[in-house]
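Only one structure is covered here, and it is reproduced in the block below.
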Amino acid sequence: MKALLEVLAPGSEERTLAGAIDPKRLPAHVAIIMDGNGRWAKRRNLPRAAGHKAGIDAVRETVETCARLGLKALTLYAFSVENWKRPRTEVDTLWRLLRIYLRRELPVLLKHNVRLSAIGRLGGLPDSVRQELLAAVESTAAKTGLRVNLAINYGGRAELVDAVNALLAEARAAGTLGSLCLDEDLIASHLYTAGVPDPDLLIRTSGEMRVSNFLLWQIAYAEIYVTDTLWPDFRRIDLLRAILDYQKRDRRFGGIKAGAGLKAALPVAQP
Ligand code: FPP
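Using this note's numbering, read the sequence shown as starting at 14 and increasing by one per residue.
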């Protein structure tokens with residue numbers, strides 16, 4: 014948090030918003046559905062690729078802000094298993110931009126102590142993209158700050174299928190298939206995000222009210238924040254607004270508000 018305050022101009026709106034954030038109640042993990050690149054480009058009579066290219070600047074600023082805030086994890090939805098339905102030229106552009114991002118941003122990620130990781134069916138990526146991605150992941154492996162998960166060729170349902178298949182394969186190999194009994198911890202420990210706390214805050218840009226097959230298991234109790242801002246326009250100030258909004262929420266996780274349970278805590282007559 015201190016690292017963020019020191020780069021914000023005194024008296025600026027960003028500085029005021031950041032000053033209003035309670036550093037003790039920051040979301041540990043923010044997940045973002047980066048939507049609206051195509052519409053951003055269309056509004057400017059530009060090709061869709063220009064929207065994706067501009068989206069990289071928003072990625073850079075968001076990663077840096079989360080690192081400066083001291084968050085534990087940021088997960089960015091960069092390419093879904095369904096995005097293969099897009100024209101080949103657009104898919105190729107996305108791979109090209111990912112490689113540009115990795116080459117250009119790696120020094121910045123290292124400087125901010127960011128540990129990069131990739132989640133999704135990485136085996137389905139073009140070889141050169143996968144190799145470059147895994148090399149970038151490897152070169153940040155010892156970093157201990159913000160964990161940035163890039164969700165690539167990712168689908169929430171695919172992740173659950175992969176987790177269950179991995180569990181079945183392990184049990185088969187161990188000869189324990191007959192007695193295998195699944196529980197929530199076992200499934201969670203076989204997800205791509207194993208070991209990372211579930212997202213507290215899910216942000217979607219461009220005003221769409223959908224979760225689009227993103228982190229279906231992990232967002233069970235995430236607070237959802239939708240902004241009309243298109244992803245390429247998403248800046249530090251938008252992230253600060255989302256976090257402030259998150260801090261106003263009353264998170265009950267299926268329970269009741271603290272202090273409101275006096276009556277409810279009295280023994281209830283059983284039928
Ligand atoms: C959704 O907008 C965005 C994507 C499918 C791709 C996101 C990619 C980037 C932000 C750039 C590269 C990312 C990284 C991590 C380097 P859309 O195309 O569906 O927009 P639309 O709904 O307005 O058409």
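Backbone N, C-alpha and C fix where the C-beta goes; we use that ideal spot for every residue, glycine too. Remember, it's a predicted structure, so these values are computed and weren't measured experimentally.
- The residue from Lys124, Ile232, Val224, Arg73 with its alpha-carbon nearest to that of Arg248 is Arg73.
- In the DSSP annotation of this structure, Ile256 is not part of any beta strand (DSSP E); the continuous alpha helix (DSSP H) holding it starts and ends at 249 to 261.
- In this structure, Glu221 is the residue among Ala235, Leu228, Gly268, Glu221 with its C-alpha nearest to the C-alpha of Arg52.
- Between the region 187 to 206 and the region 46 to 66 there are fewer than three inter-stretch CB-CB distances shorter than 8 Å, so the stretches are not counted as touching.
- Residues Thr88, Ser130, Ile132 of the same chain have their beta carbon placed closer than 6 Å to that of Asn162, with the five preceding and five following residues left out of the count.
- Nearest C-alpha to Gly267 among Ala233, Leu138, Ala22, Leu82: Ala233.
- Distances from the CB of Gly168 to the heavy atoms of the ligand FPP are all 6 Å or more.
- The three-state reading of DSSP puts His125 in coil, since its state is none of H, G, I, E or B.
- Distance from the Cα of Leu115 is smallest, within the candidate group Asp175, Ala80, Glu151, Ser219, for Glu151.
- Given a length threshold of 3 residues, each whole run of the beta strand (DSSP E) inside the region 178 to 243 is given here in chain order: 214 to 217, 236 to 239.
- Shown here for Trp108: same chain residues with a beta carbon closer than 7 Å to its own, the five before and five after excluded, namely Pro139, Val142 in chain order.
- The alpha-carbon of Leu82 is positioned some 37 Å away from that of Thr102.
- In summary, Glu118 is buried, with 16 or more beta-carbon neighbours lying within 10 Å of its beta-carbon over all protein chains present.
- The straight-line gap separating the alpha-carbon atoms of Glu183 and Arg170 is approximately 20 Å.
- With respect to the C-alpha of Leu195, the residue from Ala187, Arg57, Ala176 having the closest C-alpha is Ala176.
- Looking at the backbone, the Cα of Lys55 and that of Asn226 are separated by about 25 Å.
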